[in-house]
Amino acid sequence: MKKLFVLLTLAALFLNAGASLAEMPEWTYPLAPEILEDIPGYLVLTNRSVLLGADFEPNDLVPITARHINAIHGDMLRKVVNEAVNVMFAAAEEEDVKLYLKSVYRSYSTQKTMYNNRLAKVGHDDGVVAYPGSSDHQTGLGMDILNYEWTKKSGMTPAFSETREAQWMAEHCAEFGFVIRYEEDKQDLTGIIYEPWHLRYVGLEAAQYMKERHLCLEEFDAEWRQYIQDWEAAGGNFKQLLRDRAAPDPASVMFVTEDGEEEISLFSGS
Ligand SMILES: [Zn+2]
């Protein structure tokens, strides 16, 4: 026999400005506003025109635990990303696809040193090393993943895309919250050559959406910002929407069962 608890959320009647949701235009973007609010910072964009500051450093970096090549002490990724990499590697291995982490988080100062070393070596910015502040690796969400064969090579080329491992990642990485950050047909937008080995964590919903629509991060970022701008121009208020969605609906009661919760409206048609 299931126990039923009925909780009347009367307090919400006084706390919630119940009418504000109805006054706003309908939210029709395919992703929930909370995904775009992006409190965890999974959608952070960096490129040559959107630079991260020298002080941008994720506060939840952890030492990497997935299979890696020549991991240097101090190799880190953001916590949720490290976990997602492990889950993805395990899923890949079930299909005899063995993946190896290579480059992971890189601080601004490491990137700056690499950039200056490259400048000193070739005499000009040849695009091989990302400009300080523009590297996706500084987010703690970007990483390079190879197969065993390519760990033996001195550098990476788009030919990596012909490997079974790269093809597996392209097909499945979104199931784990990742996208191929630098796609072949998006080079004009990303400013970076095709890098089938560079994966970027954006979270499950965003990754699946970006894959479905074949959007690079630059396009996705511009698209959802434009949507919010248009939606607010039509009378919406994004911050208010988030507050309304976080507050309990005053016209409902919560039935809590042993299996979980479900919210049922008291007033039909309200
Ligand atoms: Zn990379």
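Residue numbers for the sequence shown follow our numbering, so the first one is 831 and each next one is one higher.
Where is the CB? At the ideal position from N, CA and C, for every residue including glycine.
Which residues bound the beta strand (DSSP E) around residue i?
i, result
"residue 974", "972–976"
"residue 1039", "From DSSP, residue 1039 is part of no beta strand (DSSP E) but of the alpha helix (DSSP H) over 1034–1043."
How long is the line joining the alpha carbons of residue i and residue j, rounded to whole angstroms?
i, j, result
"residue 860", "residue 1032", "16 Å"
"residue 945", "residue 934", "16 Å"
"residue 879", "residue 871", "19 Å"
"residue 1020", "residue 987", "17 Å"
"residue 975", "residue 1047", "19 Å"
"residue 1015", "residue 989", "15 Å"
"residue 886", "residue 921", "32 Å"
"residue 1013", "residue 929", "19 Å"
"residue 984", "residue 1056", "42 Å"
"residue 918", "residue 853", "43 Å"
"residue 1009", "residue 912", "15 Å"
"residue 833", "residue 908", "Residue placement at residue 833 is flagged as unreliable, the pLDDT there being 48, under the threshold of 50; the coordinate-derived value follows with that caveat. Taking the straight line joining both Cα atoms gives about 41 Å."
"residue 1017", "residue 876", "14 Å"
"residue 1027", "residue 991", "8 Å"
"residue 883", "residue 943", "15 Å"
"residue 868", "residue 937", "22 Å"
"residue 962", "residue 1078", "45 Å"
"residue 889", "residue 910", "12 Å"
"residue 967", "residue 1022", "13 Å"
"residue 969", "residue 957", "19 Å"
"residue 846", "residue 1074", "At residue 846, the pLDDT of 49 sits below 50, so the modelled position is not reliable and the matter cannot be decided from this model."
"residue 1101", "residue 941", "There is no way to answer for residue 1101, as the model of the chain reaches only from 831 to 1100."
"residue 972", "residue 924", "24 Å"
What first and last residue would you give for the alpha helix (DSSP H) that runs through residue i?
i, result
"residue 938", "938–952"
"residue 1057", "1047–1063"
"residue 1073", "1068–1076"
Put residue i into one of helix, strand or coil per three-state DSSP.
i, result
"residue 866", "helix"
"residue 1022", "coil"
"residue 842", "Bear in mind that the predicted position of residue 842 carries a pLDDT of just 44, short of 50, making it unreliable; the figure below should be weighed with that in mind. Residue 842 falls in the helix class under three-state DSSP."
"residue 880", "coil"
"residue 934", "coil"
"residue 967", "helix"
"residue 906", "strand"
"residue 892", "strand"
Please work out which residues of its chain come closer than 6 Å, Cβ to Cβ, to residue i, disregarding the five sequence neighbours upstream and downstream, and give them in chain order.
i, result
"residue 1058", "1068"
"residue 1004", "1037, 1038 and 1041"
"residue 1050", "1040"
Tell me which residues share the same chain as residue i and place their Cβ nearer than 7 Å to its Cβ, disregarding the 5 neighbours each side in the sequence.
i, result
"residue 927", "994, 995 and 998"
Taking 8 Å as the limit between beta carbons, can you name the residues of its chain near residue i, skipping five residues before and five after?
i, result
"residue 1002", "918, 921 and 922"
"residue 857", "863, 1061, 1066 and 1071"
**Message:** Which residues end up in the neighbourhood of ligand 1 when you take C-beta atoms closer than 5 Å to any of its heavy atoms?
**Reply:** Of all residues, those with a beta-carbon under 5 Å from at least one heavy atom of ligand 1 are 974 and 1028, reported in chain order.
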